[in-house]
Structure formats: C-alpha cells, structure tokens
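In order, the protein sequences belong to chains Z and H.
Okay, so the first sequence: first residue is 0 according to numbering that gives the first Met the number 0, each after it adds one.
Okay, so the second sequence: first residue is 0 according to numbering that gives the first Met the number 0, each after it adds one.
In this text, a Cβ means the ideal position worked out from N, Cα and C, and glycines have one as well.
All figures in this text were calculated on a predicted structure; none of them were measured in a lab.
Protein chains: 2
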Amino acid sequence: MKLVENNVCAPKGFSALGKIVGIKKSGKMDFAVLFSDVPADAAAVYTSNKVKGAPLIVTKEHLQDGKAQAIVVNSGIANVCTGKKGIEDAREIAASAAKELHIGAEDVLVASTGLIGAYLPMDRLLSGIKGIRNELKKEKHDAAKAIMTTDLYEKEIAVKSENFTIGAIAKGAGMVHPNMATMLCFITTDAKIPADKLKKFLKSSVDKSFNMISVDMDMSTSDMAVILANGHAGSADEKKFQQALDFVCIEMAKKIARDGEGATKLIEVEAKNAKTAEDARKIARSVITSNLVKCAFFGNDPNWGRIMSAVGSSGAEFNESLMDIHFGNVQIVSRGAAAAFDFRKVQDIMKKDCLKITLDMKQGRENAKAYGCDMTYDYVKINAVYHT
Amino acid sequence: MKLVENNVCAPKGFSALGKIVGIKKSGKMDFAVLFSDVPADAAAVYTSNKVKGAPLIVTKEHLQDGKAQAIVVNSGIANVCTGKKGIEDAREIAASAAKELHIGAEDVLVASTGLIGAYLPMDRLLSGIKGIRNELKKEKHDAAKAIMTTDLYEKEIAVKSENFTIGAIAKGAGMVHPNMATMLCFITTDAKIPADKLKKFLKSSVDKSFNMISVDMDMSTSDMAVILANGHAGSADEKKFQQALDFVCIEMAKKIARDGEGATKLIEVEAKNAKTAEDARKIARSVITSNLVKCAFFGNDPNWGRIMSAVGSSGAEFNESLMDIHFGNVQIVSRGAAAAFDFRKVQDIMKKDCLKITLDMKQGRENAKAYGCDMTYDYVKINAVYHT
C-alpha cells in the first residue's frame, strides 16, 4: 500500500470539480461534483442525529438500489430544518445535475454542509450546475477545498494497494463527535465490490475512524460517509481492501481531529487491555471528549486526575487500582496513583503537535484508539461568532 | 415559605465554622465543620463516577446507620486516587474531629474537594481540628466560603416553612454535570424525619436540581449532597417538606450553574409537553450540555439550529416539525422552521444575565427544566491553568 496523488480522482474513471456558485459570503469555492464515468456500486453511513438534513434524506432514497454515479455537494448552508421546501430543493439539485451529466437523477447523491435553518440560494446553485460536465477533470484539490466550512485546510488522501486504488476527500472541524457528527467523507475506488459488501466494509472502517473522533460533543444533522466503487480495476482481495479502507478512513479522521476548531494539537488516546472491545471504545472516547481533559492539554498540564475521572464516568468496567497511564513514553500513573515523573519532560511531550496518551487497563485484551484535539480560546471564539 | 438568614445554622441546634488550616496556596479558608447538638437522622446522594474519592467511601460507611452529628469538609485537595493511604487519612480526620466534638467517629461524615491525585497535608489538618468545639457558632458565611474551590462566590440559603427550617451551603463551579458531578451540598433541618424518608425526599429533590445542571460534561469523583435532620422542630408535613427541599436544592443548583467556570450568564432550558418525563429530561439536558449551544449563548447568537441539533442527538422521541422554540418571550422557531423575529430584541434578551429558553415539543404533557451557563474564553483559561 502506498500513498498516491489526486485524492478522489486517483482511482480509474473518476473525475471531479470544485467551483464558486456564490453561497459563501467569503467568495470562496462552495460547490463540488464527484463523477464516475460508469455507474458505481455505492454505500453510505449516516449521522445518528434524529434531526436529519434534507440532502441526507434524498441521498438515502437514491442509494436504495446500491448504485450511484455522481455526488453533488455544497458548503455554506446545510439545508437542515427547512421542511418540505428543503427536500424539494435537494431533489431539484440532483435532477438538475443529472440532466447536465446525462444520467438518471436517482444516480446522483447530494450533500450540504454549513448553517442550519437557512434555505439554499437555488438560483445560484442551478446556474452553477450548468455546464459541469465540461468542467469535470482529474483535478488535485478543488473538490476538497469546495466542501470546507470552518476547516483550515483541505482533507484528502489516496492510496494504491494491489490492483486497486482508493481516494477520499473529507470536511469537518466543528461539531465533530463520535457517531458520525458533522463531517462529510466521500470515497472513491476502482475496485469491483458489490454494494452490500461495500456497506459492510465502510461500516467497519467508520467504526475505527470517524466514530472515534471528537472535537466536541455535538452530533451533526448532515453527516455522511459515502463510497463509490466503479469496478474498473476488477475484483479486490477483501482483506487488503478492508485494510486500505481502514487506513484511508483513520487518516481522514486524524486530519479532521487535528483541524478541530481552534485546536493546536492532535491527541490520540489508546485504551489498552480493557475487558471488552466496547469498554475499550467507551474509555478512549470518554477521555477524548472531556472538556476538562482537553483544556488541560491546551495548557500542557499533565492533569491525570481528570483522565481518571473521565474513565470513571465512561460506563466501562475497570479497576482503578490496576491502571497505568503514559503520556508519550513517560509513565504518569502507576496502578491508579501518581508515578514519579519528570514534569519538564512531560511538558515537552505535551507541547508537540501530536500527543499520544496510553491507558493500560490490565483487565483483558481489548484495545481501542480515539482521536481528538485540545480545547482552546479559539474554539470558543469561532463558535461564539459563527452565524449568518 | 420565606427566606431566612444564617444558611446551615438557621435550623435549631446547628452550628458551624470555617477556617484556614493551610491546604490552599492562596491562604484562603479551606476547612469547615457543621455540627448538630444532638445526633441527627441523615441521608446522602453520591456521584455516579466509578472512581470515588476516599472521603466518599468513609462517609458511606459512617452513614450506614442513618445517623450523623457532624460534617467535616476540606477544600484544596480532593483526596481521590490516593489508594489505601487516602482512606486511612479520611478515617483519621473523622476520628480526630469526633474526639474534639465528644461524639463517635461513625457520626462524623467527611468530604474533600479540589485537586485529584494528591495526598492531604495531615499534620496541618489535624492541627486545624484541635479546638473546633469552641469555634463552632451560629455563623453566617464562613463554612460556605471555606468549601469553595474555583467558585467565585459562596452558595448558601435558608428557608422557613411551617414549623421547620431548612438551610444549605454548596460548592461547585467546574466539572458540574448531571448526575451529581463535582459539587458538594450540605443541608440541615430541624424537622423530624426518619433517615429512610429523608433519603427519598433528598433523591427526589436532587433529580430536579443537581442532576439537571451542567457546566461541562465531566462527572466528578467526590460529589455528594448530604442532609441532617435533628428533629428539634418536631414532625413536618411531608408535602411541605418536599416542596421546601425542592426549592432549596433548585436554588442551590442555579447558583452553581450561574457560577460555572468562566460563565457570564445563567441559562434555563425548559422542555415542555414531551412524550415522557424521561424524554423531557433528556432534551433539556442535551441542550444545556452542548458546547456549541453554550458558545452561541456567550456570543449572544440565537443560533437555534444548534439547539435543534442538540435535541436531535438527545435520544428522546420527538417530531421536529411540531417543535416551537422561544428565547424569553420571543418565538424563534415555529413548527421546526425559522420564525420571523426581531434580531435586536432577541439579542437584548440574550445579553441579560439570565436567559430562559423554552422548547415546546407538542408531543405530550411532560416538562423538565435544566440549568447551565455559557461557554467562554475564561472557561478554557481557568481549566488550562488549574493545577498543583
């Protein structure tokens, strides 16, 4: 498996575009299209929030047959809490793009991200959709940029493994939380994989990646991860495919965590040797979502008491008097109590832009990793002023 | 029912003290004693965090007989994650105070709040305990001040209803979350109520108050609410007693929420007309705990999309297309979509130091209120630097 260029355009038969249609006040790119030259097998995983965006509802309908050929995405407005009109708008976008691309409307998936409760400027969107067929190409970064909201940088990757290639772009910076919260990830591959298997592979990768990140506790209304497999590279070894898809999704999840609103560093929490896999996941996620832990990380303060407290409220089975905690390679806690450690050495570790925390539960053999970031003044600033 | 002075000392037969024993580096008061002149019926509710402080373990033991006569509290160090030595220390504090007060050690309850993972300075504590019997008096604010950590002001109340009086002091500013997270509340009454009933009344009041506040998502390891009833005023009407206790606990909960670390305002979220009582509680709590909602409140931004999203991730049954939202008396959302409202008028409402949000679910007849605060730069600042 090796990294290659061109993200979603790396697999055979895929093209993309990113452009300005005029939704964002900033004047930045706000519209993207991903396209496969033949109908592809397709699968998706959606937000668990009960309030669901209109695009998500339409995408779900269009994916019922397990086939899709294009994904049309806008940023700036999420088209959520917009009632019947919102759903009609999402349908019209799909239909209009389908007409331009000479495919069926049910083969177009739609996604929107941005402000909740506002209507899409349909005139500008429909003007922007005109002529997209000729604008599609093997492009490098435009689609990744056009789906950004408060993201500071584009999130993209492509890997080649055996005979197939997998590419992905993603967005997500605020409202990112376990259970697929405000993030979008679009994955393309030229491997030949039927839709039902694709769904299984995607679900498995998402559980190890996007469901293990947290920037804050809020689950978004619009999140989805979608994969299109157009078959140009022929059948793939299933194990190798799952491995490659895991890698792609975990790398994208880390990029999202590192780009958490206001974040200064990526934090990786591994819960090792938990009693059950679910306990390991609960512990890692409880620590990564604790505001107090995240503030301490911003302050480069090895406040392990807050970690113990977060583990205690995780709902997992554990015995605190067995637990060890390491920050990087320095042991902070030994059998549930303070270890003697060099405070300066730990602070140096905490000041790096990637901090690894390991919790050894000594209760069993199950491990899980969660990814997040520190909580900073800028997190508050960004979220106190972000509005229409 | 009317407000009276002297908080925990207001009911007949109770005295208290607050003093400096030298645990806090700031040199502020860090030690308090509450005392009843006769053994009292007693009950407590504890944190649900699986990591429990040593004082909590000892208090639980001493409360097994439903009787207590004194509560001894220190602030500055929580005596949590301190292993066997922590428990021995807590026992020694109780025994030493009991000796001074001429009562049995099992009638002394102990509580500690502050930093996790450090040992108590036992020499200073034991010196401080010497002579407490002569220092106890009908005092006004000292005990309330001595139990503070990052609290900005003391939290105290007393009410007289019918023949009985109830008084309370509390602390809590950070790590405050539903399910009794880092807060202490000590309640005294001269009503005569047997311990088993006292427990039932306390649990019911806590569910409406301390379990409905949130400053952040972290559950503490040391929280407890304790009530002592010494019977000097004779039997009380049970309904009146529950009403008075509810009032005392809700007022203390609001004071804690308003004093949330870095908070600039108190926020009260009421979920009305939910299908079930549990749904109403879930909805109110999900909104009050959302970082994004809290940041928007700090920015005086009526970002109702974040509220909808928080309701959607609450796990409660609801129909978004029925929902109305009011900020104060201004309707922001009508049947799940934006209502036409005067932005300036809403901003004026949001700028006040107490903001009331009402969510009308129109799904049934159950209501619940939750209390919290906004999230600010100072929240991050306080929690990035608080350390030994």
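- For the region 67 to 92 of chain Z, residues whose beta-carbon sits nearer than 8 Å to a beta-carbon of chain H comprise Ala77, Val79, Cys80, Thr81, Gly82.
- Taking 3 residues as the minimum length, the beta strand (DSSP E) runs contained wholly in the region 324 to 353 of chain H are 329 to 333, in order along the chain.
- For the pair Gly65/H and Leu354/Z, the Cα-to-Cα distance works out to about 48 Å.
- Rounded to whole angstroms, the Cβ separation of Lys281/H and Lys159/H is 36 Å, and the two are not in contact under 8 Å.
- By the CB criterion at 8 Å, Gln362/Z and Glu316/Z fall inside the cutoff.
- Fewer than three Cβ pairs drawn from the region 150 to 167 of chain Z and the region 200 to 216 of chain Z lie within less than 8 Å of each other, which leaves the two stretches out of contact.
- DSSP lists Lys271/Z, Asp323/Z as the bridge partner or partners of Asp359/Z.
- When secondary structure is reduced to three states using DSSP, Asn290/Z falls in the helix class.
- Linking Thr148/H to Asp106/Z through their CA atoms gives a straight-line distance of about 59 Å.
- For Pro38/H, there is no enclosing alpha helix (DSSP H); the residue is part of the beta strand (DSSP E) that begins and ends at 30 to 45.
- The three-state secondary structure of Thr148/H, taken from DSSP, is coil.
- The beta carbon of Asn162/Z does not come within 8 Å of any beta carbon belonging to chain H, so the residue lies off that interface.
- Here Ala339/Z is exposed. Its C-beta has fewer than 16 other C-beta atoms within 10 Å.
- For Tyr376/H, the nearest CB of chain Z lies under 8 Å from its own CB, placing it at the interface with that chain.
- In the structure shown, the three-state DSSP call for His231/Z is strand.
- Not flagged as an interface residue toward chain Z: Glu277/H, since no C-beta distance is shorter than 8 Å.
- Ranking Met349/H, Ser313/H, Ser308/H by CA distance to the CA of Phe326/H puts Met349/H first.
- The residue from Asn290/Z, Ala42/Z, Ser35/Z with its alpha-carbon nearest to that of Glu260/H is Asn290/Z.
- As the crow flies, the alpha-carbon of Gly17/Z is around 35 Å from that of Ser313/H.
- A direct Cα-Cα distance of roughly 10 Å separates Lys98/H from Gly130/H.
- Taking 9 Å as the Cβ-Cβ cut-off, the region 299 to 325 of chain H approaches chain Z at Asn299, Asp300, Pro301, Asn302, Trp303, Gly304, Arg305, Met307, Ser308, Ala309, Val310, Gly311, Ser312, Ser313, Gly314, Ala315, Glu316, Phe317, Glu319, Ser320, given in chain order.
- DSSP places Leu2/Z in the strand class (E or B) of the three-state scheme.
- Cys294/Z reaches chain H at Val379, Asn382, Ala383, counting residues in chain order whose Cβ is nearer than 7 Å.
- Between Lys196/Z and Lys170/Z, the gap from beta carbon to beta carbon reaches 8 Å or more.
- At a cut-off of 8 Å between beta-carbon atoms, Val44/Z makes no contact with chain H.
- The Cβ atoms of Ile192/H and Ser74/H do not sit closer than 8 Å to each other.
- Under DSSP, Leu124/Z takes part in no beta bridge, so it has no partner.
- For the region 110 to 123 of chain H, the residues whose beta carbon sits under 7 Å from a beta carbon of chain Z are, in order, Leu114, Ile115, Gly116.
- At a cut-off of 8 Å between beta carbons, Leu100/H makes no contact with chain Z.
- Of the residues Ala104/Z, Gly233/Z, Met182/Z, Asn48/Z, the one whose Cα lies closest to the Cα of Gln63/Z is Ala104/Z.
- A contact between stretches requires three or more CB pairs, one per stretch, nearer than 8 Å, and the region 81 to 91 of chain Z meets this requirement with the region 113 to 131 of chain Z.
- Ranked by how close their Cα comes to the Cα of Ala89/Z, the residues Asp300/Z, Leu227/Z, Val72/Z have Val72/Z in first place.
- Residues of chain Z whose Cβ lies closer than 8 Å to the Cβ of Gly335/H are, in chain order, Cys80, Gly82.
- Shortest Cα-Cα distance from Leu124/H to any of Ala93/H, Lys144/H, Leu135/H involves Ala93/H.
- Closer than 8 Å to the CB of Val50/Z there is at least one CB belonging to chain H.
- Secondary structure within the region 85 to 135 of chain H: the alpha helix (DSSP H) runs of 4 or more consecutive residues, fully enclosed, are 121 to 128, 131 to 134 (chain order).
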